[in-house]
Amino acid sequence: MAASSGQLKFKWILIACLCMTEKGILGSSLYDTGSQTLKASVKKKARIDLPDGKAFSFYGGSYSSIWLTTDGFLSFDERAEYGNFNFSTGDVTPSYDYPFIAPFYHSGEALDSHTGGGTIFYRTLNTSHDSAELSMFGTNISNAVVGVQNFQPVGGIIVTWQNVADAIDIGLGCGTSPQPQCKTSTFQAAILTDENSSTFVIFNYGHMDIAIRKFYQSGFNAGYGGEWTTAIPQSELNRAQNLKGSDVTGRYYFRVGSDRIVRGGCRDISLQNDGVSLEMSPNFGGMFGGQTIEMSGSCLGLNENITCAFGNPPVISSGIFINSMKIKCSVPRLLVRGRVVVSMRHGNGRVYTGIITIVGSGRMRDTLQSIEIPGAGWNTTDASKLTMSWNSSLLSPQRNDLVTIKLIGYRETGTKAEWVDLAVLGSGPNVLNNGVYTFNTRDHRCSGDLCKVETGLVEVRLVDPSRARSHLFLVSRELPLGWFVNDDMVQRYGSQWPHDKCMSWYNNDRMDMSWLQSLPYCPCNLGQALVDFGRFQTDPGCDMFSGSRCTYHIGAVHCVRAVQPTVEGSGNQCCYGPDGALRYAADTFQGSTPDKSHAWGSFPYGRADLVPSMSHWVKDVVTFYYCCLWTNYADCDYYMDQRATRDCSGYTPPRAAAIFGQGHVETLDHRHYRVFGAGDFKLLESPYANITIQGRFSRNYMDILRQKTYTTLNSSVVLTSVGIEVGHERVEIKLDRNNPRRLLNVLVNNTFQFFDSEPVYMQQFSQVTIVNSPDKPGNVNSNFTVILKNGMGVQVVASSGLINAFVMVPYTMKGLVRGLLGTWNDNGTDDFTSRDTNQVVPMTNNPTFYNQFTYSWRVNNTEDSILPHYVSPVTPSDLRDSFPSTSSTIRRLCNGQESCEFDYQQLRLTTQAEKTKMAAEWVGEMQLLLTPVRSCGLLNVPRSTKSNYNYSLGSTVTVTGCRTGELQGESSYTCEATSNLSQAWSPSVSAVCTNVPLDEADVGMIVGIVLAIVAILLVAVIIAIIFRRRTRKDKSPSVPEDGGNYSTDKSNPISSGQYDARYSEVKLRDDDGATREKRAKDKDFDM
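Under our numbering, the first residue of the sequence shown carries the number 4, and numbering increases by one thereafter.
As structure tokens, this is what we get:
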């Protein structure tokens, strides 16, 4: 049938619309070029200002103007020009290392040099004249870039290089007889920004005929030593116009405003990934799963089957199609944490991979509120109704969307660890995403083997995955399942089944206590715990600086955990009371308790005993419910016996060294000097442990408060970069002098790493763990700690335009380190040992000392350097130590502190000198806090109550009574020195609490009285401790004034000799309390 004229007209209109969907050049990916051109008189570059005072954000920096160049790039620094450098390798001379955006970085012909140089068009966009076009850009960018939902640009610039030629070709005679015509290229860059300075870049390519030479490239350079991101691989530049970088051939999208460039669009299906990583947003998720991750890789077909695999062995999650450029997958429930490989697999076999950080439950924000305090609601055995609540908008915008609510269990059998569905708590047409759900527990009871599952979580999952917003499902925190198994337990054990479960666990657990032997000793006081950052880090569940509740250690103000698990996968936890003293499990049911399974898991995770959080719950937490919370603390002493505090009497503090201010050094054996010379030096090395720490000193000081002005120092230097090498892993932490929101950059094996969200403040790599410890709100990149597996810690702090570095060396490395930070052997006279001659250099005059000692620890060449762009040390011409001054400003500012006085005389900057003074004071306080504490250890009178818990030398403790039984023997004891190195309780401990059934003691009343007293003290003490840490001036109350040495012969009562459980095997009892043997029909409860 012939088409009517109306149908033909509609057909042509449709074709025209398809060709002109976006305002651009017909048949091309290029947008409208406008009519403004770069005049020939400007030769190589010209400045363009963003209209209406708007600003671009680029790698975190803010810019209101940009320099347009004939070399195919847009620069944010007028000094930028083409140079023969491969930016992807990072080997760039600083004089060429400026921030720029390069659709095609090449040696362009100056506009006034050749008639065939082409034309460079540019135009600016604003809401007054270009609102429709800006809206179109916003829609396309939102569709193309992961993690972007509703971008609304308010301004922009479009630059077009049309038929531009190559200066090298022209120099070789192209276009002149008999040479062929010069080859040209046409390409375009559009930069768009919104009210919040979120900035996106679009590259369009018309034709790319210029030959791609060695240093011709496409990408984004952060400049000033920052990161380079390749936009179009060099091998693809000549055909970029023919490849799909998005839903439009020849078009490529990028998000450039934040610290990391995000590649938008997708990759042409004809190409392999060629090292192009999967783009993901967000780039982290919780181990319990649920978050939806937007991903982009290869360009997608509408009905293409997409799956995502997380980890190895892989856990599969189905992909949800968003558009041809991106999909979303939800993070499944996993058994691992850390850096996990994610693979996006297309139906045709194409695979794109990337890295996502999986975070343990304790560091993720709760999305499902289902847990109250221990002993109430979800944590009880007899709850009749339970309620959960959640933020419905996390799942979908519609509160009437259907959800299914499940109880998920976790169990370990042999070496196998697994998640298992236990029960559907709610489903069907009446279970909606309305943010709250209540159910009767009687309707959901365990049966069969599921009754052996001790812990789990609750899940609320959308029925329709396509409607998922930021989460496909929400999960609770870990839960004990007492209410779920209660009926079965009562039938098998009677109404007092928690007691029977506690006794069964106690008798089994005490059969092997060898894991306690390898636990690290707890620091003796809170001050030591805070500064021993190489071995201990804050427990998020009891953190006085974040205000978290110490749920399982009521009365403590702060807890730390040993960072590294033992070879058995165990870990230590140390908690401290309002007085700063270590709280012992033998003294309080809320004391420090080690973990048979480390709460943070143990590599390689994924199997029984090693799974983060969940193995800890099975081995350590559920049993606390059995013995303590569900028996009203009547059996809690049994738990504390098995999880007894690792006594601090065997604790040996690390040794601190520091570099701060303008090259001031405090060595490991407390000698002080200054580094005068700029360049790369070895701060510390240990060939025995295969560890090297390198520092880069510079004479260029940048004053951040004076709009980033630079000052060249004459007789001093500042530390600007720190490199750490452990085996084959390298960490670099350096000043970021471009981004006002980021003071330090962190690179691991030359790849930038980001710690911007609280869940990923702590990240683990193969040889090191790196922790971001913000020193004030909003400043999340100024304080990093690098933790080595042997317990060494390196803290790098940005301080007023320079770096302060603090190094903690564990006692196991005593005598095994050397460098500018000295030689730790408690002999300060040999700290200044030359690496060249192995001779001690006397501190006579500065030139001799520098040349013979400091310069001997230089890094010799690029091959010897940990840090990129090797800087050769140069002997300074000015080596004056100080300058005479009677300035009242110095006296008032420094109060006689020499490092402060020197720094002020160099720069005359009050802020910098004050920071140096604070750093020097903190070094002194660290040394005080790390003074070994002489302790007699636990006054070991089981089941007793005491007048105080201070067991340090000189303290007197009185046993005031017994929690169970009656007190017999001497009641008062003093910790007295028995030699210069040892101490013991005097008189010898004879006190004992006679053993009576535990349930005859009113333990609940005692605990209540203690907690009430602690609660009164808690607020005031927290304020005092925080104030002390900030001022860095007060001495730790638990550190003796005269210092002293720890006892080398005083053993830990838990780890010395044969472990004594204090009780013979405990028999189970009937409901009436009479002892009985287990009935033959009862099965062993194996959890």
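All C-beta atoms in this analysis are idealised placements derived from N, C-alpha and C, irrespective of residue type, glycine included.
Item	Value
Less than 8 Å between the beta carbons of Phe206 and Pro106, yes or no?	yes
From this set, Ala192, Leu389, Tyr496, Phe61, which residue's C-alpha is nearest Arg445's C-alpha?	Leu389
According to DSSP, simplified to helix, strand and coil, what is Asp262?	coil
Helix, strand or coil: how does DSSP classify Val1042 here?	Only weak support exists for where Val1042 lies, its pLDDT of 28 falling under 50; the value from the coordinates is given anyway. Val1042: coil per DSSP, three-state reduction.
In terms of DSSP beta bridges, what is Tyr413 paired with?	Trp422, Thr458
Just to confirm, is the Cβ distance from Gln237 to Ile215 under 8 Å?	yes
Quick one: residues in its chain with C-beta nearer than 6 Å to the C-beta of Ser280, no 5 flanking neighbours on either side, listed in chain order?	Gly357
Alpha carbons only, please: which of Ala559, Thr788, Thr416, Ser776 is nearest the one belonging to Ala611?	Thr416
Mind the definition here: the region 612-630 touches the region 896-904 only if three or more C-beta pairs lie below 8 Å; say whether that holds.	no
Measuring CB to CB, does Trp1092 end up less than 8 Å from Asp638?	Residue 1092 lies beyond the residue range present for the chain, which begins at 4 and ends at 1090; the question has no answer from this structure.
Look at Cys939 and Cys996 and say whether their C-beta atoms are less than 8 Å apart.	no
Find out if the Cβ-Cβ distance for the pair Ala147, Gly267 is shorter than 8 Å.	yes
With a cut-off of 8 Å on the beta carbons, I'd call Gly121 and Gln155 a contact; round off their distance for me.	No, Gly121 and Gln155 are not in contact; Cβ-Cβ is about 34 Å, not under 8 Å.
Let me confirm a value: Met492 is counted as buried when at least 16 other C-beta atoms fall within 10 Å, else exposed. Which label applies?	buried
Name the residue from Phe257, Leu931, Gln842 whose alpha carbon lies nearest to the alpha carbon of Ile104.	Phe257
If I measure Cβ to Cβ from His667 and keep anything under 6 Å in the same chain, skipping five residues before and after, which residues do I get?	Arg677, Ser902
Please report the distance separating the alpha-carbon of Gly927 from that of Thr914.	20 Å
Would DSSP call Pro335 helix, strand or coil?	coil
Over the uninterrupted alpha helix (DSSP H) stretch that includes Gly248, give me the two end residues.	Premise fails: Gly248 is in no alpha helix (DSSP H) and is neither H nor E.
Please state whether DSSP places Gly56 in a helix, a strand or coil.	helix
With H, G and I counted as helix, E and B as strand and the rest as coil, what does DSSP make of Met391?	strand
Would you say Leu750 faces chain D, with C-beta separation under 8 Å as the test?	The chain inventory of the structure shown lacks chain D, comprising one protein chain alone.
In whole angstroms, give me the CA-to-CA distance for Arg480 and Leu398.	17 Å
Kindly indicate which three-state DSSP category Trp603 falls into: helix, strand or coil?	coil
Note the first and the last residue of the continuous alpha helix (DSSP H) segment covering Val534.	529-534
Can you tell me whether Ala135 is buried or exposed, with buried defined as 16 or more other CB within 10 angstroms of its CB?	exposed
Assign Val345 to one of two classes, buried (16 or more other C-beta atoms within 10 Å of its C-beta) or exposed (fewer than that).	buried
Trp70 bridges to which residues according to DSSP?	Arg50, Ser78
Can you give the beta carbon distance from Val461 to Val478, rounded, assuming they're within the 8 Å contact cut?	7 Å
From this set, Arg564, Ser507, Tyr509, Pro501, which residue's C-alpha is nearest Gln531's C-alpha?	Arg564
Just the Cα atoms here: how many angstroms apart are Phe548 and Asp369?	19 Å
Determine the burial state of Leu33: buried for a count of at least 16 other Cβ atoms within 10 Å of its Cβ, exposed for fewer.	buried
Does the Cβ-Cβ distance between Thr1121 and Gln191 come in under 8 Å?	Since the first residue shown for the chain is 4 and the last is 1090, residue 1121 is missing from the structure and cannot be characterised.
Quick check for students: name the residue ranges of the beta strand (DSSP E) that lie wholly in the region 896-974, counting only runs of 3 or more.	947-949, 959-965
Which of the three DSSP states is assigned to Met328 in this structure?	coil
Quick one: what's Gln191 bridged to in DSSP?	Thr163, Asn207
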